[in-house]
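Chemist:
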Amino acid sequence: MFGFDTTQAKRRQGPRGKFDLPLLVALVALACVGVVMVTSSSIAVADSSHMGEFYYLKKHLLFLSLGAVAAGVAMRMELKELEKHAFFLMLVAFIMLLAVFVPHLGMKLNGARRWLNLIVTSFQPVEAVKLILVVYLASYLVRHRESIETRFMGLIKPLAVSGVMVLLLLAQPDFGSATLIIAVTIAMVWLGGARPIFLFLMGLPLMPLLAIAATSESYRMKRLTSFMNPWAHPFDDGFQLTQSLMAIGRGEWTGVGLGSSVLKLSYLPEAHTDFIFAVIGEELGLVGVIGVMSLFALVVWRGLHVGLKGVEIGQRFAGYIAFGISLMLGLQTMVSVGVNLGALPTKGLTLPLISYGGSSIVLTCAMAGVLLRATFEIYRALDARQMATRTPAAAVPDANPNTAREREAVAA
931 MFGFDTTQAK
941 RRQGPRGKFD
951 LPLLVALVAL
961 ACVGVVMVTS
971 SSIAVADSSH
981 MGEFYYLKKH
991 LLFLSLGAVA
1001 AGVAMRMELK
1011 ELEKHAFFLM
1021 LVAFIMLLAV
1031 FVPHLGMKLN
1041 GARRWLNLIV
1051 TSFQPVEAVK
1061 LILVVYLASY
1071 LVRHRESIET
1081 RFMGLIKPLA
1091 VSGVMVLLLL
1101 AQPDFGSATL
1111 IIAVTIAMVW
1121 LGGARPIFLF
1131 LMGLPLMPLL
1141 AIAATSESYR
1151 MKRLTSFMNP
1161 WAHPFDDGFQ
1171 LTQSLMAIGR
1181 GEWTGVGLGS
1191 SVLKLSYLPE
1201 AHTDFIFAVI
1211 GEELGLVGVI
1221 GVMSLFALVV
1231 WRGLHVGLKG
1241 VEIGQRFAGY
1251 IAFGISLMLG
1261 LQTMVSVGVN
1271 LGALPTKGLT
1281 LPLISYGGSS
1291 IVLTCAMAGV
1301 LLRATFEIYR
1311 ALDARQMATR
1321 TPAAAVPDAN
1331 PNTAREREAV
1341 AA
């Protein structure tokens, strides 16, 4: 009468998935922190450029809205669809990386070809490539599990794919993203069961190549040497880092107050993008820094924790997806924070979900959506396992001895 049948009943009683709540809360909290800090750090830059003091905030909210839509779509998409098209997505990734070298299509800014001109806006392909690489590696680890765990040659294909990708990134040049991709690839393959000795042997030829890439350009050499002692040339090679360190130093324990940063007033370059962490340190102090880092730590921990559950119960693709995205977000955060603190050479990597940047925000939100979807499918599989092992009610013996005696008397 009402269109209700047994199929619907079974579906309602079937296994149910859920999104990991601590992970979801941490991701939303980081996005909210990003809105506040982009507003605070970009007002002076936008006003000095006569674009209106809330120009960057409005664009950031637009990108964040698009990212929320992308995350919503990803959270509703079955991961098997991504697994099915992993190879095709990797081809798209290589096409995008090559497209930046096409005249008029690729854009050259600050000496680097990292953007595609889409007429209405620009797009940085490497942000999408990060997610595609995780999907491809997760798919490969599932399909070639035995080969990865037991054979040296099983590592050739995934590392070769990542190697070609790294070469294309170095040609742009984008040394920071290239290093990040190498680190995530090695970590995922190791978590997939590869023997450490195989990874060591595979990594030996990469060491001299990375050394050559890092020292082949004069500006890279300056970055490698200036971050060790930025005060030697505080108005030249060490300018960005000295301003960042002064900003963080001014913050002390509780900060100078939200919106009260001095270094963001045309002193600290890229205050709303690459060096937004320095503004957080200045305005919110050590307390704010610990709070932000705790949120990132929670994201990485929950991703790895749920990913491990997925691998244990046989949901390997979802588990490896959770591993890869957690590592990607965690390592990028470490690099961004390390650059701001002077622990690493200056790299053009944003702070995930916090820094201003269209491609970065939209694709990081999409990545977060895929991560949440992985947790949903892993919890759904756990629920299915619990339902399968649950003892039927009719088979459970009555624990009340008086009721049992009454039944025996009636039967007699």
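According to the numbering used here, the stretch in the sequence shown is residues 931 to 1342, in order. Idealized CB from N, CA, C, for every residue including glycine. All figures in this text were calculated on a predicted structure; none of them were measured in a lab.
1) What residue does the beta strand (DSSP E) around Leu1039 start on, and which one ends it?
2) Indicate whether Thr1109 and Val1269 have their beta-carbon atoms separated by less than 9 Å.
3) Here's the rule: buried if 16 or more other CB atoms are within 10 angstroms of the residue's CB, otherwise exposed. What is Val1050?
4) Let me check understanding here. Comparing Cα to Cα, which of Gln1262, Gly1249, Arg1315 and Asp1313 lies closest to Lys1010?
5) Whose C-alpha, out of Ala1000, Ile1062 and Gln1054, is nearest the C-alpha of Val1022?
6) Determine, using beta carbons only, whether Val1209 and Leu1228 come nearer to each other than 9 Å.
7) Suppose the cutoff is 8 Å on Cβ atoms and the five residues either side in sequence are ignored; what does the same chain contact list for Val965 look like?
8) Within 10 Å of its beta-carbon, does Pro1282 have 16 or more other beta-carbons around it, so buried, or fewer, so exposed?
9) Determine the contact status of Ala961 and Val1292, defining contact as a CB-CB distance below 9 Å.
10) I'd like the ranges of any beta strand (DSSP E) spanning at least 3 consecutive residues and lying wholly in the segment 1027-1093.
11) Out of curiosity, what's the CA-to-CA distance linking Gln1033 and Met1026?
12) Under 6 Å Cβ to Cβ from Ser1174, same chain only, skipping five residues before and after it: list those, please.
13) So, using beta-carbon positions, are Ser1256 and Leu1225 closer together than 9 Å?
14) Going by alpha carbons, who is nearest to Phe1260 out of Met1297, Gly1272, Pro1275 and Thr1276?
15) Based on Cα-Cα distance, which residue from Ser1289, Ile1127 and Ala1273 lies nearest to Thr919?
16) Distance, Cα to Cα, Gly1221 vs Val963?
17) Tell me the DSSP secondary structure of Glu1013 in three-state form.
18) Please state the DSSP three-state secondary structure of Phe949.
19) Please state if the CB of Leu1046 and the CB of Arg1037 are separated by a distance shorter than 9 Å.
20) Exposed or buried, Ala1170, counting other C-beta atoms within 10 Å across all chains shown (16 or more means buried)?
21) Could you check what DSSP says for Thr1321 in three-state terms: helix, strand or coil?
22) What distance in whole Å lies between the Cβ atoms of Ala1117 and Phe1247, which are believed to be in contact at a cut-off of 8 Å?
23) Given this structure, state the Cα-to-Cα distance separating Tyr1070 from Arg1043, to the nearest angstrom.
24) Rounding to the nearest angstrom, what Cα-Cα distance links Leu1085 and Leu1188 in this structure?
25) If we count the other Cβ atoms within 10 Å of its Cβ and call it buried at 16 or more, is Phe1413 buried or exposed?
26) Can you list, in chain order, the residues of its chain with a C-beta nearer than 7 Å to that of Arg1315? Leave out the 5 residues immediately preceding and following it.
27) Does DSSP put Phe1207 in a helix, a strand or coil?
28) Can you check which of these residues, Glu1057, Gly1122 and Asp1104, is closest to Arg1075 by C-alpha distance?
29) So, helix, strand or coil for Gly944, using DSSP?
30) So within the segment 1255-1315, which uninterrupted alpha helix (DSSP H) runs reach at least 4 residues, ignoring any that extend past its ends?
31) For Phe1253, which of Leu1198, Trp1120 and Gly1133 has the nearest alpha-carbon?
32) Secondary structure at Asp977, three-state DSSP: helix, strand or coil?
33) At 4 residues or longer, what runs of the alpha helix (DSSP H) sit wholly inside the segment 1184-1243?
Modeler: Put simply:
1) Gly1036 to Leu1039
2) no
3) exposed
4) Gly1249
5) Ile1062
6) no
7) Leu987, His990, Leu991 and Leu994
8) buried
9) no
10) 1036-1039 and 1042-1047
11) Strictly speaking, residue 1033 in this sequence is Pro, with Gln absent from that position. Cα to Cα, Pro1033 sits roughly 13 Å from Met1026.
12) Phe1205, Ala1208 and Asn1270
13) no
14) First, the amino acid is wrong: residue 1260 is Gly here, not Phe. Among Met1297, Gly1272, Pro1275 and Thr1276, the Cα nearest to that of Gly1260 belongs to Met1297.
15) This structure leaves residue 919 out entirely; the chain is present only between 931 and 1342.
16) 10 Å
17) helix
18) coil
19) Note on identity: in this sequence residue 1037 is Met, with Arg being the wrong assignment. Taking 9 Å as the Cβ cut-off, Met1037 and Leu1046 qualify as a contacting pair.
20) In the sequence on display, residue 1170 carries Gln and not Ala. Buried.
21) Confidence at Thr1321 is low in this model, with a pLDDT of 49, below 50, so the placement of that residue should be treated as unreliable; the coordinate-derived value is given next. Coil at Thr1321, not helix or strand.
22) At roughly 17 Å, the Cβ-Cβ gap does not stay under 8 Å, so Phe1247 and Ala1117 are not in contact.
23) 30 Å
24) 49 Å
25) Residue 1413 lies beyond the range of the chain shown here (931 to 1342); nothing can be said about it.
26) Ile1243
27) helix
28) Gly1122
29) coil
30) none
31) Trp1120
32) helix
33) 1206-1242
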